[in-house]
Structure formats: C-alpha cells, structure tokens
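Notes follow the structure.
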Ligand code: ADP
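Numbering (the numbering used here), first residue to last: 1 to 473.
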C-alpha cells in the first residue's frame with residue numbers, strides 16, 4: 001500500500017504539523033515578550049535618568065557647558081553611554097563623550113523635536129544582538145522649556161542574554177522534536193503492526209477460515225476490535241458448522257425416502273408377472289415415502305421462512321382458544337393411537353403473537369404427545385397466567401425423553417429413537433419449528449420429565465394486560 005495513504009503516515013503528518021506550529025511559537029513568542037520587557041525596562045530607566053538630569057539642570061538660567069559639567073560631576077551618572085544637553089534650538093551645549101565630542105553642533109533627531117515640544121520621547125531598536133536606545137526629555141526653567149536632555153545607550157549585555165536564551169530554546173526544541181518524532185514513529189509502527197494483524201485476520205475469515213482468531217493484547221480500542229472480531233468469527237464458525245450440519249442432515253433425510261422409492265420402483269420393474277396385490281403394496285409404500293418427503297420439505301420450508309422472515313404484525317392471541325382448536329383437530333389422531341385428550345385453559349391467556357404460529361406450536365407439541373404415547377394414555381393441555389407470563393403446558397403419559405436428551409430434542413433433525421420416529425412419520429424438525437416460533441414471539445420453551453412416566457413441554461410468552469387488549473378492540 002502507498003505509505004502516504006496509511007494510518008501511521010497520517011498520524012505522523014498530523015503530529016509533525018502540530019510540532020511545527022509549536023516549534024515556531026516556542027521560538028518566537030517568549031523572545032518577543034522578553035524583548036518587549038527589556039525595552040520597557042530600558043525605557044523606564046533612561047527616562048527616569050533623563051528626568052533626574054533635567055530637574056538637576058532646571059535651576060540654571062543659562063545653559064553653559066561648565067555649569068552643566070559641574071552638575072554632571074556631582075550627579076555622577078554612569079548608566080548611560082552618552083549624555084547630551086541642547087538648548088532650545090537643538091544646539092549641543094554639553095556632550096558627555098570625549099571621543100567625537102559634538103558640543104556646538106546641532107542635534108537633528110526626531111526625539112529632540114518631540115522633547116522640545118514638551119514631550120518625553122524614547123526610541124529603542126534591537127539590532128545586531130544589542131539594544132540601541134535613545135531617550136530625550138524637555139529641560140524646564142520655571143515653566144518654560146529652555147532645552148532638552150538626550151541620553152544614548154548601547155546595551156550589548158542584555159542583547160547577548162536574549163541571544164543565549166534563543167539558543168537554549170532552539171536546542172531544547174530540537175531535543176524535544178527528536179524525542180517526540182522517535183516516540184511517534186515507535187507508536188505508529190506498533191499501531192500499524194496491530195492493524196496489519198487485524199486486516200490479515202479479516203482476510204483469513206473472508207477466505208473461509210472461520211476458526212482463525214487474533215491474539216492482540218491490550219485493552220485499548222484495537223484490543224477491543226480484536227476481541228469483537230474474535231467473537232464475530234466464533235459466531236460465524238458456529239453458524240457455518242450448524243449450516244453444514246443442517247445441509248448434511250437435510251440431504252441425508254431426503255436421501256433415505258428417495259432411496260426407498262428407487263428400490264421399490266426397481267423391484268416393480270424387475271419382477272416379471274408381479275401380482276396386482278403385491279404391486280398395490282409396493283405402490284402404497286412408495287406413496288408413504290412420497291408423503292414423508294413432502295412432510296420433510298414442507299417443514300424445511302417452514303424453518304427457512306422462520307429463519308429469514310421477520311414476524312409480521314403481531315396481534316393479541318387467545319392461547320386457550322387456539323389450544324381448543326388444536327385439540328379438536330387432533331382428536332381423530334388421538335383416537336387412532338387410543339389416547340385421550342384434555343384441554344384445561346384459562347380465558348385470560350392472551351399474548352402478542354400470530355394465531356397460525358401459536359396453532360403450529362400447540363399442534364406440534366400435542367401431535368408428539370399423542371405419537372410418543374402408550375395406548376390408553378392421555379395428553380393434557382393446560383394454560384394459565386402467572387407473573388405476567390402466559391404458561392402453556394402439554395403433558396403426556398408417553399414413552400418420555402431421557403434426561404440427557406431433553407435439551408437436544410429441539411435441535412434440527414434430532415430424534416431420540418430414529419426407528420420409532422420413522423415409524424410415526426417423524427421428521428425431527430417439529431420441535432425446532434416450535435422453539436424458533438416461540439422465540440420469535442419473545443418466549444421460551446423447554447421440556448421436563450414427568451414422574452412416573454411421560455414428558456411435559458412448557459412454553460411461556462409475555463402476557464397482555466386487559467388495558468393493552470382494549471387498544472386492539
Ligand atoms: P419428530 O418429527 O421426529 O417428532 P420433533 O422435532 O417433533 O421431530 O421431535 C424430536 C424428537 O423428540 C422426536 O423424534 C422424539 O424422539 C422426541 N420427542 C418429541 N416429543 C416427545 C414426547 N412428547 N415424548 C417423547 N419423545 C418426544
């Protein structure tokens with residue numbers, strides 16, 4: 001992959017941009033503020049000194065070099081490099097420097113013009129690592145301006161302090177930059193490695209290797225994604241196994257009646273002069289196998305529909321009413337097996353469901369209870385409401401289910417006794433349809449052994465209050 005499109009490149013680029021801005025700020029802002037502070041302090045000092053000189057000279061009626069020199073000697077000001085006193089016209093009457101003394105010359109500076117008009121003025125510039133400053137204040141005698149005091153200072157010391165500060169900041173930022181980039185590269189390479197692991201794992205699962213798991217330690221976001229991924233691939237693996245098992249079971253179940261049909265048909269074809277009676281027997285068997293095939297495909301279709309489709313509009317369903325209807329429909333079958341049916345249902349057993357779905361649940365449970373019963377046994381359907389749940393129980397006095405198989409009988413194609421199930425026309429799909437349908441309505445179904453014999457199937461659904469039912473009236 002193009003490195004500029006990678007996550008680590010983007011992180012490094014963002015961090016570099018942030019560092020760049022930070023470096024510029026660190027290298028300019030403190031220096032500017034320090035520079036301003038120094039200038040302020042120089043300005044205060046120089047104007048103060050100039051004003052002291054001006055007030056010391058204010059007693060002079062005429063500005064003469066000797067008199068000023070005498071006062072300057074007394075004042076003994078050593079801070080300023082050069083002190084100049086001018087008269088009202090800007091002519092220099094005193095110059096503290098001996099080298100290039102400009103006494104008698106005119107001082108032509110904007111600061112002087114400003115001071116002679118009655119205002120203190122100050123100018124400072126930071127040039128060639130030094131502060132060059134000029135301050136000028138008016139010189140009064142009584143209330144009138146008679147001249148100006150001008151100070152000049154060249155401060156290389158403070159300038160050198162500023163330079164060394166600048167160098168220190170630069171060195172520090174370079175060190176900081178180096179370590180930040182080092183750490184950033186380290187972390188991005190760690191993230192990159194983990195991301196690569198994630199995408200490799202996704203590739204494995206996409207290629208069909210559902211058993212692949214990622215081993216990423218840590219509880220950060222990447223760790224969480226890895227954990228989620230492992231759970232997802234685990235679920236995919238389970239679903240895939242179930243699907244494979246389902247397909248293999250379904251093909252096996254479909255193959256058995258087909259093989260019987262082929263065998264029976266071949267027998268008819270290969271037996272010359274078969275009697276009409278034998279022929280009818282064989283065709284009867286073929287017809288039974290075809291009915292079995294039809295039952296299996298019908299139930300498979302029902303299960304597929306349940307797996308794929310969402311429940312349509314749910315309605316309040318009276319469980320007692322549906323149980324009575326199922327009992328009525330199953331009476332001929334019960335008579336055939338010499339089993340008695342009892343239906344004891346309360347009126348208030350109402351749940352949000354679909355009537356056909358509830359009918360299918362109760363019908364399947366009762367049909368099993370009849371098929372796996374003993375002659376002269378009974379099947380009893382009871383329903384009641386408790387703790388805002390509708391309970392519906394189907395009890396029988398039949399052959400029972402071993403304790404260890406009670407959970408497995410709800411699996412697709414699972415049958416406790418295959419031979420008996422075949423004899424009764426069982427497909428092993430009835431209870432899976434029951435469980436899937438009950439769960440679609442937000443309920444639960446399970447089986448219990450009954451003592452001394454028989455089985456009890458119980459399903460529960462959230463019960464509806466009277467007020468809720470009125471809404472649908
Ligand atoms: P089948 O079509 O084979 O009856 P089911 O899914 O309805 O398929 O039932 C699965 C298995 O559970 C049955 O084959 C049978 O062995 C067992 N079973 C179901 N109901 C009962 C019952 N009331 N008494 C005893 N065994 C039962």
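A virtual CB, placed ideally from N, CA and C, is assigned to each residue, including glycine.
Which residues in the same chain as residue i place their Cβ atom closer than 7 Å to its Cβ, once the five residues preceding and following it in sequence are excluded?
{"i": "residue 341", "result": "327, 330, 331, 334, 379"}
{"i": "residue 86", "result": "92, 93, 107, 112, 147, 148, 150"}
{"i": "residue 130", "result": "154, 155, 156, 159"}
{"i": "residue 233", "result": "205, 210, 212, 213"}
{"i": "residue 398", "result": "369, 372, 373, 374, 377, 454, 455"}
{"i": "residue 240", "result": "210"}
{"i": "residue 105", "result": "92"}
{"i": "residue 383", "result": "319, 320, 323, 345, 346, 349, 390, 391, 392"}
{"i": "residue 249", "result": "412, 413"}
Quick one: measure Cβ to Cβ for residue i and residue j, integer angstroms, because I've assumed they're closer than 8 Å.
{"i": "residue 138", "j": "residue 116", "result": "6 Å"}
{"i": "residue 19", "j": "residue 180", "result": "6 Å"}
{"i": "residue 61", "j": "residue 141", "result": "6 Å"}
{"i": "residue 432", "j": "residue 411", "result": "7 Å"}
{"i": "residue 347", "j": "residue 320", "result": "6 Å"}
{"i": "residue 133", "j": "residue 42", "result": "5 Å"}
{"i": "residue 429", "j": "residue 254", "result": "At roughly 12 Å, the Cβ-Cβ gap does not stay under 8 Å, so residue 429 and residue 254 are not in contact."}
{"i": "residue 390", "j": "residue 349", "result": "5 Å"}
{"i": "residue 402", "j": "residue 352", "result": "The Cβ separation is near 35 Å, so there is no contact."}
Considering only residues of the same chain and omitting the five flanking positions on each side of residue i, which have a CB-CB separation below 8 Å?
{"i": "residue 444", "result": "438, 459, 460"}
{"i": "residue 291", "result": "425"}
{"i": "residue 34", "result": "162, 165"}
{"i": "residue 80", "result": "46, 49, 96, 151, 152, 153"}
{"i": "residue 191", "result": "7, 8, 11, 222"}
So what does DSSP say about residue i, is it helix, strand or coil?
{"i": "residue 383", "result": "strand"}
{"i": "residue 141", "result": "strand"}
{"i": "residue 394", "result": "strand"}
{"i": "residue 126", "result": "strand"}
{"i": "residue 95", "result": "strand"}
{"i": "residue 121", "result": "strand"}
{"i": "residue 178", "result": "helix"}
{"i": "residue 221", "result": "helix"}
{"i": "residue 57", "result": "helix"}
{"i": "residue 453", "result": "coil"}
{"i": "residue 551", "result": "The requested residue 551 does not occur in the structure, where the chain is confined to residues 1 to 473."}
{"i": "residue 111", "result": "helix"}
{"i": "residue 342", "result": "strand"}
{"i": "residue 3", "result": "helix"}
{"i": "residue 157", "result": "helix"}
{"i": "residue 414", "result": "coil"}
{"i": "residue 38", "result": "helix"}
{"i": "residue 29", "result": "helix"}
{"i": "residue 210", "result": "coil"}
{"i": "residue 146", "result": "strand"}
{"i": "residue 202", "result": "helix"}
{"i": "residue 372", "result": "coil"}
{"i": "residue 335", "result": "helix"}
{"i": "residue 407", "result": "coil"}
{"i": "residue 272", "result": "coil"}
{"i": "residue 357", "result": "helix"}
{"i": "residue 402", "result": "coil"}
{"i": "residue 477", "result": "Because the chain in this structure spans residues 1 to 473, residue 477 falls outside the shown range and cannot be described."}
{"i": "residue 424", "result": "coil"}
{"i": "residue 77", "result": "coil"}
{"i": "residue 313", "result": "coil"}
{"i": "residue 327", "result": "helix"}
{"i": "residue 100", "result": "coil"}
{"i": "residue 474", "result": "Any property of residue 474 remains undetermined from this structure, which presents the chain solely from 1 to 473."}
{"i": "residue 231", "result": "helix"}
{"i": "residue 216", "result": "coil"}
In its own chain, which residues sit with a C-beta less than 6 Å from the C-beta of residue i, not counting the 5 before and 5 after it?
{"i": "residue 285", "result": "264"}
{"i": "residue 136", "result": "111, 112, 115, 121, 148, 150"}
{"i": "residue 408", "result": "414"}
{"i": "residue 174", "result": "none"}
{"i": "residue 365", "result": "394, 457"}
{"i": "residue 442", "result": "462"}
On the DSSP bridge list, what partners appear for residue i?
{"i": "residue 151", "result": "83, 135"}
{"i": "residue 318", "result": "350"}
{"i": "residue 460", "result": "391, 444"}
{"i": "residue 277", "result": "According to DSSP, which records beta bridges pairwise, residue 277 is partnered with nothing at all."}
{"i": "residue 378", "result": "340"}
With a threshold of 7 Å (Cβ to nearest heavy atom), would residue i be considered close to the ligand MN?
{"i": "residue 409", "result": "Among the ligands in the structure shown, the ligand MN does not appear; only the ligand ADP can be found there."}
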